[in-house]
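**Student:** This structure is in structure tokens; I'll ask about it shortly.
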Amino acid sequence: MTFSFPHSAKKLRLFALFSLLIGFSQLSLAQLQKQYIEISVAPNKTDWNYQLGEKVEFNVSVTQSGRAVAVENVRYVVKEEKMAPIQEGPLELRDGKAIIPASGMKIPGFLRCEVFATVDGKEYRGLGTAAFEAEKIQPTVKMPTDFESFWNAGKADLAKIPLESKMIHMAERSTDAVDVYHVNFRNIGNSRVYGVLTVPKGGGKYPAILQVPGAGIRPYSGDISKAARGAIVLQIGIHGIPIDMPQEVYTNLSAGALSGYPVFNIQDKDIYYYKRVYLGCIRAVDFLVSLPQYDGENLGVQGGSQGGALSIVTAALDSRVKYLVALYPALSDMTGYLNGRAGGWPHIFTGNNLNYYNFPKAIETIGYYDVVNFARILKTPGFYSWGYNDDTCPPTSYYAAYNQIKSPKEVFVIPETGHWTYPEQGVKSDNWLFEKLKK
């Protein structure tokens, strides 16, 4: 392990300012964005949960500043999530309200009602989603017969590669309580994993947390708050590129060389993009357990969306991970669309994608990377949280994975949330993880 220190204080100050701005930007994006016109669509049962065949009514209200408002061209659609409409048409509001009855579902899944209204030429949208015995949803993706041997071979290849870790101390990012480092270390294929490490000061031994990222290409600034709470935290990127470059670089990569990365080499399970990513998460665990400050026993992984998927994958593949937190995991039951229902992000087998990727080799590859199959072998206790209104990672897809988990699990559902969380979900998941890690 090598340590190096930048020579330019000016460079450090600029980076610290940039990291601070990124942190504020990420924080603001995480907040629920209210619309000028608020369209509330809620199933008539308080928990939004129904029995098969049970009728549901969607209660609709359209307001501005809490009061009914005149709107134009109000219409509605009722459908199984991501599927074709079952009911649709114009909607008449009375005092800004309406009730839409629906016959429910005969098989486990989610029934969604979307309402659209136009004000001053702009169309607004609201949605509500009823669950029908979601705990009975079963996956469509198949488990390859050599699934575990495939990944055992990958881990064996990884173990032959020296870690060769490098750490750069970020003095101006560090605080009285926490040291901050840029780190990188070797992965498969002569690639490297880059991240930000935050370590409590004080010379003690600490539990460790691996933070795995949601989809996209971006810089990272580390998690000082959790380190100050008493845990070593490693926040990684997955693309094998430094995580401290100007935002313009990531924007250009998102639109150029890394655009569409979830389908890169999907025709071959041995070189598919996520093989390096999944093994890179294991390599991040290698790095964490190599640190002299690690307590040698307590290690957790956490993430949301793509990061929720990576949390489950990492814990399933690496027994050194003792606890996991996964929020609305992506990459779950991706073959759902080939079986007449919603599939997980990145929606490989639907829309225009279907014309390119619906072929046997691609479907075979997905079996080795779908979260469902990692859920089937998972032994790690986990905390999970999500809602029913998720457009990005449909709840059908993550319940297909969740229902396969046999290890201890807790789920915190706030039905109205979509591909976002209330602060309370973050607090609850963090408290769960710290309680487990510090036992």
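Just add 1066 to wherever you are in the sequence shown, counting from 1, and you've got our numbering.
Quick reminder that beta carbons are idealized off the backbone N, C-alpha and C, glycines included.
Would residue 1342 be called buried (16 or more neighbouring beta carbons within 10 Å of its own) or exposed?
**Tutor:** Here residue 1342 refers to the residue found at position 276 when the sequence shown is read from its first residue. By the neighbour-count rule (16 or more Cβ atoms within 10 Å), residue 1342 is buried.
**Student:** Would residue 1278 and residue 1365 be called neighbours here (beta carbons separated by less than 8 Å)?
**Tutor:** By 1-based counting over the sequence shown, the position of residue 1278 is 212. By 1-based counting over the sequence shown, the position of residue 1365 is 299. No, Cβ-Cβ distance for residue 1278 and residue 1365 is not below 8 Å.
**Student:** Can you give the Cα-Cα distance for residue 1173 and residue 1262, rounded to whole angstroms?
**Tutor:** Taking the first residue of the sequence shown as 1, we reach residue 1173 at position 107. Taking the first residue of the sequence shown as 1, we reach residue 1262 at position 196. If I take the Cα positions, the gap works out to 45 Å.
**Student:** Return helix, strand or coil for residue 1435, following the three-state DSSP convention.
**Tutor:** The residue labelled residue 1435 in the question sits at position 369 within the sequence shown. Here residue 1435 sits in helix by DSSP.
**Student:** The alpha helix (DSSP H) that contains residue 1348, what's its start and end?
**Tutor:** Start at 1 with the first residue of the sequence shown, and residue 1348 comes out as number 282. First-last of the alpha helix (DSSP H) with residue 1348: 1339-1356.
**Student:** Run the CB neighbour count on residue 1283, radius 10 Å, all protein chains shown included, and call it buried at 16 or more, exposed below.
**Tutor:** Indexing the sequence shown from 1 puts residue 1283 at position 217. Label assigned to residue 1283: buried.
**Student:** Please give me, in chain order, every unbroken run of the beta strand (DSSP E) with length at least 3 that falls completely inside the region 1095-1177.
**Tutor:** The qualifying runs are 1104-1109, 1122-1130, 1138-1146, 1151-1156, 1163-1168.
**Student:** Roughly how many angstroms separate the alpha carbons of residue 1218 and residue 1340, rounded to a whole number?
**Tutor:** Stepping through the sequence shown from its first residue, residue 1218 is reached at position 152. Stepping through the sequence shown from its first residue, residue 1340 is reached at position 274. Looking at the two C-alpha atoms, the distance is approximately 16 Å.
**Student:** What first and last residue would you give for the alpha helix (DSSP H) that runs through residue 1188?
**Tutor:** Locating residue 1188 in the sequence shown gives position 122, where the first residue counts as 1. No alpha helix (DSSP H) holds residue 1188; the beta strand (DSSP E) holding it covers 1188-1198.
**Student:** Sorted by chain position, which residues of the same chain lie with C-beta nearer than 6 Å to residue 1498's C-beta, five sequence neighbours on each side aside?
**Tutor:** Position 432 of the sequence shown, counted from the start, is the residue given in the question as residue 1498. Around residue 1498: 1449.
**Student:** State the CB to CB distance for the pair residue 1140 and residue 1181, rounded to an integer number of angstroms; the pair is presumed to be in contact (CB under 8 Å).
**Tutor:** Mapped onto the sequence shown, residue 1140 falls at position 74. Mapped onto the sequence shown, residue 1181 falls at position 115. Right, their Cβ atoms sit about 7 Å apart.
**Student:** Could you check how far apart the C-beta atoms of residue 1368 and residue 1387 are, in whole angstroms? I think they sit under 8 Å.
**Tutor:** Start at 1 with the first residue of the sequence shown, and residue 1368 comes out as number 302. Start at 1 with the first residue of the sequence shown, and residue 1387 comes out as number 321. Wrong, their Cβ atoms sit about 10 Å apart, outside the cutoff.
**Student:** How big is the Cα-Cα spacing for residue 1171 and residue 1394?
**Tutor:** Here residue 1171 refers to the residue found at position 105 when the sequence shown is read from its first residue. Here residue 1394 refers to the residue found at position 328 when the sequence shown is read from its first residue. Rounded to the nearest angstrom, the two C-alpha atoms are 23 Å apart.
**Student:** From the DSSP output, in three-state form, read off residue 1254 for me.
**Tutor:** Position 188 of the sequence shown, counting from 1, holds the residue named residue 1254. Three-state result, residue 1254: helix.
**Student:** How about the region 1292-1300 and the region 1399-1417: do they share at least three Cβ pairs that are nearer than 8 Å?
**Tutor:** Taking 8 Å as the limit for Cβ pairs, the verdict is that the region 1399-1417 does not touch the region 1292-1300.
**Student:** Just to confirm my understanding: we take residue 1195, look at its own chain, exclude 5 residues before and 5 after, and list those with CB closer than 6 Å. What are they?
**Tutor:** Working through the sequence shown from its first residue, we reach residue 1195 at position 129. Answer for residue 1195: 1176, 1178, 1454, 1455, listed in chain order.
**Student:** Count the other CB atoms within 10 Å of the CB of residue 1269; is the residue buried (16 or more) or exposed (fewer)?
**Tutor:** The count along the sequence shown starts at 1 and reaches residue 1269 at position 203. Its Cβ having fewer than 16 others within 10 Å, residue 1269 is exposed.
**Student:** Cβ of residue 1137 within 8 Å of Cβ of residue 1164?
**Tutor:** In the sequence shown, counting from the first residue as 1, residue 1137 sits at position 71. In the sequence shown, counting from the first residue as 1, residue 1164 sits at position 98. For residue 1137 and residue 1164, no; Cβs fall outside 8 Å.
**Student:** Tell me the rounded alpha-carbon separation between residue 1489 and residue 1431.
**Tutor:** Here residue 1489 is taken as the residue at index 423 of the sequence shown, counted from 1. Here residue 1431 is taken as the residue at index 365 of the sequence shown, counted from 1. Roughly 36 Å between the two C-alpha positions.
**Student:** Which value, in whole angstroms, describes the spacing of the CA atoms of residue 1085 and residue 1286?
**Tutor:** Locating residue 1085 in the sequence shown gives position 19, where the first residue counts as 1. Locating residue 1286 in the sequence shown gives position 220, where the first residue counts as 1. Residue placement at residue 1085 is poorly supported in this model, since its pLDDT is 35, which falls under 50; the coordinates still yield a value, given next. Rounded to whole angstroms, residue 1085 to residue 1286 spans 8 Å at the Cα level.
**Student:** Out of curiosity, what's the CA-to-CA distance linking residue 1311 and residue 1257?
**Tutor:** As a first step, residue 1311 must be located in the sequence shown, where it is residue number 245. As a first step, residue 1257 must be located in the sequence shown, where it is residue number 191. One C-alpha to the other measures close to 18 Å.
**Student:** Suppose you measure from the CA of residue 1466 to the CA of residue 1207; what does that come to, to the nearest Å?
**Tutor:** Locating residue 1466 in the sequence shown gives position 400, where the first residue counts as 1. Locating residue 1207 in the sequence shown gives position 141, where the first residue counts as 1. Rounded to the nearest angstrom, the two C-alpha atoms are 9 Å apart.
**Student:** Counting only runs that start and end within the region 1415-1471, where is the alpha helix (DSSP H) found for 4 or more residues in a row?
**Tutor:** Whole alpha helix (DSSP H) segments, 4+ residues: 1419-1423, 1426-1435, 1437-1443, 1461-1468.
**Student:** Determine the DSSP secondary structure at residue 1213, reduced to helix, strand or coil.
**Tutor:** Against the sequence shown, residue 1213 aligns to sequence position 147. Residue 1213 falls in the helix class under three-state DSSP.
**Student:** Bridge partners of residue 1275, per DSSP?
**Tutor:** Mapped onto the sequence shown, residue 1275 falls at position 209. The partner list for residue 1275 (beta bridge, DSSP) reads 1299, 1366.
**Student:** If you measure between the beta carbons of residue 1293 and residue 1244, is that distance less than 8 Å?
**Tutor:** Position 227 of the sequence shown, counted from the first residue, corresponds to residue 1293. Position 178 of the sequence shown, counted from the first residue, corresponds to residue 1244. Yes, the Cβ-Cβ distance between residue 1293 and residue 1244 is below 8 Å.
**Student:** In angstroms, rounded to a whole number, what distance separates the CA positions of residue 1007 and residue 1344?
**Tutor:** In the structure as shown, the chain starts at 1067 and stops at 1505, and residue 1007 therefore has no counterpart that could be examined.
**Student:** For the candidate residues 1492, 1242, 1255, 1215, whose alpha-carbon lies nearest to that of residue 1227?
**Tutor:** Position 161 of the sequence shown, counted from the start, is the residue given in the question as residue 1227. For the residues 1492, 1242, 1255, 1215, the minimum Cα distance to residue 1227 belongs to 1255.
**Student:** In this structure, does DSSP put residue 1234 in helix, strand or coil?
**Tutor:** Residue mapping note: residue 1234 aligns to position 168 of the sequence shown, counting from 1. Strand, per DSSP.
**Student:** Would the region 1422-1436 and the region 1322-1340 be scored as touching if the rule is three or more Cβ pairs under 8 Å?
**Tutor:** Yes, since at least three Cβ pairs between the region 1422-1436 and the region 1322-1340 fall closer than 8 Å, the two stretches touch.
**Student:** Could you give the distance in angstroms between the alpha-carbon of residue 1308 and the alpha-carbon of residue 1290?
**Tutor:** Here residue 1308 corresponds to residue number 242 of the sequence shown, with the count starting at 1. Here residue 1290 corresponds to residue number 224 of the sequence shown, with the count starting at 1. Going by the C-alpha atoms only, they are around 19 Å apart.
**Student:** My output table needs one value for residue 1500: the three-state DSSP class, helix, strand or coil.
**Tutor:** Stepping through the sequence shown from its first residue, residue 1500 is reached at position 434. Looking at residue 1500 - three-state DSSP - the assignment turns out to be helix.
**Student:** Beta strand (DSSP E) containing residue 1479: first to last residue?
**Tutor:** Within the sequence shown, numbered from 1, the residue matching residue 1479 stands at position 413. Residues 1475-1479.
**Student:** Comparing C-alpha positions only, which one of 1357, 1267, 1304, 1260 sits nearest to residue 1063?
**Tutor:** As displayed, the chain neither begins before 1067 nor continues past 1505, which places residue 1063 out of reach and without an answer.
**Student:** Do residue 1296 and residue 1264 have their C-beta atoms within less than 8 Å of each other?
**Tutor:** For the purposes of this step, residue 1296 is taken as the residue at position 230 of the sequence shown. For the purposes of this step, residue 1264 is taken as the residue at position 198 of the sequence shown. No.
**Student:** With 16 as the cutoff for other CB atoms within 10 Å, does residue 1323 come out buried or exposed?
**Tutor:** Residue numbering aside, residue 1323 sits at position 257 when the sequence shown is read from its first letter. The residue is exposed, with fewer than 16 neighbouring Cβ atoms inside 10 Å.
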